[in-house]
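K.L.:
Next up is a structure, given as structure tokens.
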Amino acid sequence: MPYLVTIGLEVHCQVKTHTKMFCACRTSFGEEPNTHTCPVCLGLPGALPVLNQAAIEQTLLSGLMLGCASPEISKWDRKSYFYPDMPKNFQTTQMDLPLCIGGGVPLYAHCYPADARLKAAGPDKVVRLNRIHLEEDVAKSTHLGSSSLIDFNRAGTPLMEIVSEPDLESGEETYAYLRSLQMILIAGGVSDADMEKGQLRCDVNISLRRKPEDPLGPKVELKNLNSISAIRRAIHFEIRRQGEDLTHGIAQVQSTRRWDDDRGETQLMRTKEDAHDYRYFACPDLLPIRTAPLLDKVRPLVPELPHELALRFERDLGITGYDAGVLSSDKHLASYFEAVCDAALPGKKVANFIINNLLGMLNERGLGIDECAVAPEKLRALLVLVENGTLAAGQAREVFAVLIDSPTKDPAAIADELGFKPAVAGELEALCVAVIDKCPAEVAAVQAGNDKLLNFLTGQVMKSATTKPNPKLVTEILRAKLLG
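Residue numbers -19 to 464, in my numbering, belong to the letters of the sequence shown in order.
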């Protein structure tokens, strides 16, 4: 029997600031362990926190981009627990008056994994947010056998916790939610949201029930999820595990489970009975925040969001909704696409070449679009050669394969080097006539409706040419002569 799946997420996102949340230590990634620390982020007695206003502003900007409201006053709380990565035995966070409340994350087809796009919920589904609050990150623990090493460089880094409502229903929707959220945060410059660098981390809460009217089942929290793909796999496993238990009459209990990506399974860490009592209370060292002046300051900084950019591309440049979504998913990619577009070039042809050729060639070389050395003007010049019939699409791909490794070269010069020289129209017609005379049987078949043999005749003309003319132009000449 199929079960209804309910999923909610707690996403922790490092805010992009130069210094930590409550001290002047530099935020960094990949530095020598424990080189960016001070009495505040080490939790030494008597050290007092000083607010990082930039982190508050970035969080409020995130809230505006995600459609959140903000209370007039926001305050700080202490979350008490003992763990080696938090030496002062409490975390400074926000409990009852977070910086942002409500809002939502839209799900779009291009955000889904490639094998699930036909099942996409579409742009009408918006996953509601419960809240966004700001807190300090903990140190990074590395476990080696029976020992643990702790790096406090990360301790105190500003961290947004973005809590969704339980609106997600599958691993695919969860994947799309996280991709969409990443795109929005990156577009606003709030975070690089790179899961490999620990800038975005996610806990998944999942439960199953038989019917919509049934109460939610016990919540199982999944941890140790290091990539969006791993999150999807973990959800698939957990849905199957819980479903099999329920089918066999095994009741679920509220618990926390750890995902083991090597084994492809979740493993029990603790049950509800082991849960912490965090004993929240107001932080005595930090004053509450009036949000209105800060909101006024950051409101003009709200950028054109990815879904707004996609709609503009679709409307103004005539490209498909899917292509617009792909091109707007990365601000560097969107800027590159717009720079290539020209009144003389149909937007759809530019979009197709970038998505189907440029991105693949960059990926083969381990490069991102921001590392592409081919200037937009060079790609535009190449696509103009296709548009005016000088080059065929396949020839343009070959030219670009050279251009991407020799970006200072001229596309037309590369085409000449490869032998893609347009034949004089009269010469090309003469070649077509010669092939028609040599292949009477194939000509008769084409005239009888066998269009496939037109490609054969085109190939014969291409073989007889001393240059490499545009096969599309050859086919057009043959079609005109044979079919009128």
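For glycine and all other residues, C-beta sits at the position ideal for the given N, C-alpha and C. Remember, predicted model here, so these are calculated numbers, not experimental data.
1) Under 7 Å between the Cβ atoms of Val278 and Leu40?
2) Considering Phe70, what are the terminal residues of the beta strand (DSSP E) in which it resides?
3) Would a C-beta distance cut-off of 7 Å place Leu158 and Ile208 closer than the cut-off?
4) Can you give, in chain order, each stretch of the alpha helix (DSSP H) that sits fully within the region 107 to 170 and has at least 4 residues?
5) For the ligand ZN, is there a heavy atom less than 6 Å away from the beta-carbon of Asp310?
6) Note down the Cα distance separating Ala460 from Cys412, rounded to an integer number of angstroms.
7) Whole angstroms are fine: how far does the CA of Arg243 sit from the CA of Ile130?
8) Compute the Euclidean distance between the alpha carbons of Lys448 and Leu437, then round it to the nearest angstrom.
9) Thinking Leu307 and Ala324 are a contact (beta carbons under 8 Å), I'd like their distance in whole angstroms, please.
10) What separation, rounded to the nearest whole angstrom, lies between the Cα atoms of Thr73 and Asp303?
11) Using three-state DSSP, classify Ser187 as helix, strand or coil.
12) Thr39 bridges to which residues according to DSSP?
13) Take Lys329 and list the residues in its own chain whose beta-carbon comes closer than 8 Å to its own, dropping the five residues that flank it on each side.
14) Tell me the rounded alpha-carbon separation between Asp147 and Glu52.
15) Should the region 255 to 274 be regarded as contacting the region 209 to 226, the criterion being three or more beta carbon pairs within less than 8 Å?
16) Would you kindly report the start and end of the unbroken alpha helix (DSSP H) that includes Gly223?
17) Over what stretch of residues does the alpha helix (DSSP H) that includes Ile457 continue unbroken?
18) Below 7 Å between beta carbons: does that hold for Val423 and Gln440?
19) How many Å lie between Asp174 and Gly374 at the Cα?
20) Are the Cβ atoms of Gln466 and Val(-5) separated by less than 7 Å?
21) Give the secondary structure of Met1 by DSSP, where H, G and I count as helix, E and B as strand, and everything else as coil.
22) Thinking C-beta only, is Asp172 closer than 7 Å to Glu201?
P.N.:
Let me lay it out:
1) yes
2) 70 to 73
3) yes
4) 151 to 167
5) In the structure shown, the ligand ZN is absent, as is every other ligand, since no ligand is present at all.
6) 11 Å
7) 26 Å
8) 15 Å
9) With 8 Å as the limit, Leu307 and Ala324 do not qualify as a contact, their Cβ atoms being about 19 Å apart.
10) 40 Å
11) strand
12) DSSP lists no partner for Thr39.
13) Leu363, Val366, Glu367
14) 27 Å
15) no
16) 208 to 227
17) 451 to 463
18) no
19) 35 Å
20) In the structure displayed, the chain extends from -19 to 464; residue 466 sits before or after that span and is not available.
21) coil
22) no
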